[in-house]
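>
Residue numbers (my numbering): 3 to 404.
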């Protein structure tokens with residue numbers, strides 16, 4: 003049909019020409035006239051262009067998502083955050099729910115690298131309550147695992163247990179060797195250990211050990227052994243040091259440097275606390291690792307291990323113990339780890355004969371534990387304050403979980 007054929011009822015041929023060329027958006031009345039001349043409905047007339055716009059917009063969002071991934075690979079976390087924020091906002095406006103879900107998931111990872119815990123928590127909660135997540139066990143497990151770990155690291159152990167139990171429930175229908183199933187068990191076991199539910203931790207740890215042979219990914223198998231080792235130690239078992247050594251062998255080639263360093267600290271801490279023969283070698287390794295890591299937490303942990311070594315030696319002078327205590331500043335650590343290292347400093351101050359300063363540290367550590375929800379560890383701290391020399395066997399503060 004010609005432009006003249008489409009004209010009529012107040013719509014001129016020149017107006018039709020402008021509409022066809024894209025120089026004029028037709029009014030509703032004009033669009034109805036043109037649709038009538040073409041023998042189609044108004045919706046059919048408008049739909050092809052709308053579909054094209056939708057496709058173009060989706061491609062733009064996917065392109066921005068790819069750009070955000072490139073920024074992450076380049077280590078530009080701030081730029082990646084900005085790009086992902088844009089994708090989340092525009093995908094929501096355009097109705098691209100799946101693209102928005104994927105962008106939110108990556109945004110949670112980026113916020114973790116930026117240390118933006120509050121913003122990350124908000125994103126993870128949005129993911130957990132997203133219809134895409136609630137419709138799939140796997141997605142629910144993943145989101146709940148991340149929330150449990152976040153709450154545990156920020157010293158909210160009651161919430162950590164809640165989300166860890168939700169993750170475990172969501173992962174219950176998955177195969178035992180699936181990564182999400184294993185991670186859900188590890189995060190739940192960790193929450194039980196740190197919150198003081200040691201009886202439940204022992205049962206879960208024993209069950210997790212029976213599943214270890216079915217876990218094919220070595221880093222996951224290492225984390226399972228590591229978590230079970232903590233539960234075994236608190237349950238009075240003597241094989242925790244051996245389990246941690248097995249975990250270290252499996253984790254040695256993993257890309258997650260932060261996790262490997264934490265396992266090194268966990269091994270050294272437990273070996274020193276139990277008087278294991280490997281303690282000195284593990285302490286020396288911690289010294290070498292600290293030389294490569296200038297972050298404040300690294301220096302804090304090395305100082306804590308050095309102080310514990312002095313206390314456990316049994317023959318250190320008061321001056322040596324005082325120097326070890328003075329070198330230890332736990333303020334750079336998260337709530338539970340800060341309390342743990344404050345207990346170690348209190349012991350060093352007590353070994354130096356500084357009873358008043360030691361008591362202050364014990365009280366501070368107990369308060370941090372209580373605030374975080376680690377009630378059992380707080381009770382043990384108060385007991386050690388009131389009964390010097392209490393730690394003669396099991397040291398509950400010597401368990402550092404994944």
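Virtual Cβ for every residue (Gly too), placed ideally from N, Cα, C.
1. For residue 320, count neighbouring C-beta atoms within 10 Å of its own C-beta (all shown protein chains included) and say buried if the count is 16 or more, exposed if not.
2. Using only CA atoms, which one of 121, 280, 210 and 186 lies nearest to residue 233?
3. State whether the region 110-122 contacts the region 91-102, with contact taken as three or more CB pairs (one from each stretch) at a distance under 8 Å.
4. Residue 368 and residue 380 - do their beta-carbons sit closer together than 8 Å?
5. Any idea what DSSP makes of residue 369, helix, strand or coil?
6. Leaving out the 5 sequence neighbours to the left and right, which residues in its chain are closer than 8 Å to residue 133 when beta-carbon positions are compared?
7. With distances taken Cα to Cα, identify the nearest neighbour of residue 191 among 147, 218, 179 and 123.
8. Distance, Cα to Cα, residue 202 vs residue 187?
9. So, helix, strand or coil for residue 407, using DSSP?
10. For residue 118, name the three-state secondary structure that DSSP assigns.
11. Measure the CB-CB distance between residue 176 and residue 167 and report whether it falls below 8 Å.
12. Check this for me: beta carbons of residue 129 and residue 106, under 8 Å apart or not?
13. Measuring alpha carbon to alpha carbon, tell me which residue in 221, 71, 295 and 56 is nearest residue 94.
14. Assuming residue 112 and residue 82 are in contact, meaning their beta carbons sit under 8 Å apart, how far apart are those beta carbons, in whole angstroms?
15. Could you check which residue in 58, 59 and 104 has the C-alpha nearest to that of residue 70?
16. Count the other CB atoms, across all protein chains shown, that sit within 10 Å of the CB of residue 383; report buried if there are 16 or more and exposed otherwise.
17. Would you kindly work out how many angstroms separate the C-alpha atoms of residue 326 and residue 314, rounded to a whole number?
18. Starting from the Cα of residue 287, find the closest Cα among 84, 307, 298 and 299 and give me that residue.
19. Classify residue 280 as helix, strand or coil using the three-state DSSP reduction.
20. Are residue 376 and residue 159 close, meaning C-beta to C-beta below 8 Å?
21. Using CA coordinates, which residue listed in 152, 305 and 141 is at the minimum distance from residue 193?
22. Rounded to a whole number of angstroms, what is the C-alpha to C-alpha distance between residue 197 and residue 370?
23. By the three-class DSSP mapping on this structure, what secondary structure does residue 217 have?
24. If contacts are defined as beta-carbon pairs under 8 Å, then residue 206 and residue 400 qualify, I think. What distance do you get, rounded to the angstrom?
25. With a cut-off of 8 Å on the beta carbons, I'd call residue 1 and residue 275 a contact; round off their distance for me.
26. Can you tell me where the alpha helix (DSSP H) holding residue 183 begins and where it ends?
27. What does a CB cutoff of less than 7 Å around residue 218 pick up in its chain, not counting 5 residues either side in sequence?
28. Counting C-beta neighbours from all protein chains within 10 Å, is the total for residue 123 16 or more, i.e. buried, or is it exposed?
29. DSSP three-state label for residue 254, please.
30. Return the CA-CA distance between residue 221 and residue 357, expressed in angstroms with no decimal places.
31. Assign residue 232 to one of three DSSP states: helix, strand, or coil.
32. Assign residue 160 to one of three DSSP states: helix, strand, or coil.
33. Over the uninterrupted alpha helix (DSSP H) stretch that includes residue 381, give me the two end residues.
34. Buried or exposed: residue 390, going by 16 or more other Cβ atoms within 10 Å of its Cβ?
35. Leaving aside the five residues before and after residue 236 along the sequence, list all residues of the same chain whose C-beta is less than 8 Å from its C-beta, in chain order.
According to the structure shown:
1. Here residue 320 is taken as the residue at index 318 of the chain shown, counted from 1. Result: exposed.
2. As a first step, residue 233 is located in the chain shown; it is residue number 231 there, counting from the start. Checking every option, the nearest Cα to that of residue 233 belongs to 210.
3. no
4. Along the chain shown, one-based indexing puts residue 380 at 378. Along the chain shown, one-based indexing puts residue 368 at 366. A contact, by the Cβ cut-off of 8 Å.
5. Translated into the one-based positions of the chain shown, residue 369 becomes position 367. DSSP places residue 369 in helix when its eight states are reduced to three.
6. Against the chain shown, residue 133 aligns to sequence position 131. 99, listed in sequence order.
7. The count along the chain shown starts at 1 and reaches residue 191 at position 189. For residue 191, the nearest C-alpha among the options comes from 147.
8. Translated into the one-based positions of the chain shown, residue 202 becomes position 200. Translated into the one-based positions of the chain shown, residue 187 becomes position 185. For residue 202 and residue 187, the distance between alpha carbons rounds to 12 Å.
9. Residue 407 is absent from the structure shown; the chain starts at 3 and stops at 404.
10. In the chain shown, residue 118 corresponds to position 116, counting from 1. Correct three-state label for residue 118: coil.
11. On the chain shown, residue 176 is found 174 positions in, with the first residue counted as 1. On the chain shown, residue 167 is found 165 positions in, with the first residue counted as 1. Against a cut-off of 8 Å, the Cβ pair of residue 167 and residue 176 comes out as no contact.
12. As a working mapping, residue 129 is identified with position 127 in the chain shown. As a working mapping, residue 106 is identified with position 104 in the chain shown. In contact: residue 129 and residue 106 (Cβ atoms closer than 8 Å).
13. Mapped onto the chain shown, residue 94 falls at position 92. Comparing Cα positions, the closest option is 56.
14. Within the chain shown, residue 112 is the residue found at index 110, counting from 1. Within the chain shown, residue 82 is the residue found at index 80, counting from 1. Right, the Cβ-Cβ distance comes to about 5 Å (below 8 Å), so this counts as a contact.
15. Counting from one through the chain shown, the residue named residue 70 turns up at place 68. Nearest option by C-alpha distance: 104.
16. For the purposes of this step, residue 383 is taken as residue 381 along the chain shown, with counting starting at 1. When all chains shown are included, residue 383 counts as buried.
17. Taking the chain shown and counting its residues from 1, the one referred to as residue 326 is at position 324. Taking the chain shown and counting its residues from 1, the one referred to as residue 314 is at position 312. Distance between the alpha carbons of residue 326 and residue 314 is about 12 Å.
18. Position 285 of the chain shown, counted from the start, is the residue given in the question as residue 287. Comparing Cα-Cα distances from residue 287 to each of 84, 307, 298 and 299, the minimum goes to 307.
19. Locating residue 280 in the chain shown gives position 278, counting from the first residue. It is coil, neither helix nor strand.
20. Against the chain shown, residue 376 aligns to sequence position 374. Against the chain shown, residue 159 aligns to sequence position 157. Taking 8 Å as the Cβ cut-off, residue 376 and residue 159 qualify as a contacting pair.
21. Walking along the chain shown from the start, residue 193 turns up at place 191. Cα-wise, what sits closest to residue 193 is 152.
22. Here residue 197 refers to the residue found at position 195 when the chain shown is read from its first residue. Here residue 370 refers to the residue found at position 368 when the chain shown is read from its first residue. The straight-line gap from Cα to Cα measures roughly 12 Å.
23. For the purposes of this step, residue 217 is taken as the residue at position 215 of the chain shown. DSSP places residue 217 in coil when its eight states are reduced to three.
24. Taking the chain shown and counting its residues from 1, the one referred to as residue 206 is at position 204. Taking the chain shown and counting its residues from 1, the one referred to as residue 400 is at position 398. Not really, about 20 Å apart at Cβ, beyond 8 Å.
25. Residue 1 lies beyond the residue range present for the chain, which begins at 3 and ends at 404; the question has no answer from this structure.
26. Taking the chain shown and counting its residues from 1, one reaches residue 183 at position 181. Its alpha helix (DSSP H) spans residues 181-197.
27. The residue labelled residue 218 in the question sits at position 216 within the chain shown. Contacts found: 179.
28. As a first step, residue 123 must be located in the chain shown, where it is residue number 121. Flag for residue 123 reads buried.
29. As a first step, residue 254 must be located in the chain shown, where it is residue number 252. Three-state result, residue 254: coil.
30. One-based indexing of the chain shown puts residue 221 at position 219. One-based indexing of the chain shown puts residue 357 at position 355. In a straight line, the C-alpha of residue 221 is about 43 Å away from that of residue 357.
31. Mapped onto the chain shown, residue 232 falls at position 230. Here residue 232 sits in helix by DSSP.
32. As a position in the chain shown, residue 160 is number 158, starting the count at 1. Helix.
33. Position 379 of the chain shown holds residue 381. Here the alpha helix (DSSP H) through residue 381 covers 377-388.
34. Within the chain shown, residue 390 is the residue found at index 388, counting from 1. Classification for residue 390: exposed.
35. Position 234 of the chain shown holds residue 236. Excluding positions up to five away in sequence, the list reads 195, 200, 203, 204, 396, 398 and 401.
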